[in-house]
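Numbering (this note's numbering), first residue to last: 90 to 187.
Every residue gets a Cβ at the ideal spot worked out from N, C-alpha and C, and that includes glycine.
All figures in this text were calculated on a predicted structure; none of them were measured in a lab.
In what follows, a single structure is set out as structure tokens and then discussed.
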Amino acid sequence: MTKHCHKCGKEWALDGQPGRSESCHNCNEDLRICLNCIFYDYGVAHQCRERRAEPVIEKNRSNFCEYFDFIFRFWDQKKSTNSSHKTAKEAFEKLFGD
90 MTKHCHKCGK EWALDGQPGR SESCHNCNED LRICLNCIFY DYGVAHQCRE RRAEPVIEKN
150 RSNFCEYFDF IFRFWDQKKS TNSSHKTAKE AFEKLFGD
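Here is the structure:
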């Protein structure tokens, strides 16, 4: 398991945590964001399992959360956000036509 950009899957190869202003070298997306954090969970209040953290509105934007911890995960290109969007669009078109 490694650290990856949530958007494109580019691996974060540096040691430690990304700084607030650091972005992915591949897609230029912010890295220190809720979507890359180990505490991010869509199913809990404020989508964060860290109870002491202040609520963050924009989960895909860099923030000042002091509890950020870059999540280790397996990157599967088939399950990336872009491919799931494409799959959903294909299913919609199949159901309702062009």
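Q.
If you reduce the DSSP assignment to three classes, tell me which class His93 lands in.
A. strand
Q. Between the Cα of Gly159 and the Cα atoms of Pro107, Arg138, Lys99, Phe185, which residue gives the shortest distance?
A. Note on identity: in this sequence residue 159 is Phe, with Gly being the wrong assignment. Considering only alpha carbons, the answer is Pro107.
Q. Given Phe157, which residues of its chain have a CB within under 7 Å of its CB, disregarding the five upstream and five downstream residues?
A. Gln106, Arg121, Cys126
Q) Of the residues Cys123, Gly186, Cys94, which one's Cα is nearest the Cα of Ser151? A) Cys123
Q) For Ala142, which residues from the same chain have a beta carbon less than 6 Å from its beta carbon, with the 5 sequence-adjacent residues on both sides left out? A) Cys154, Tyr156
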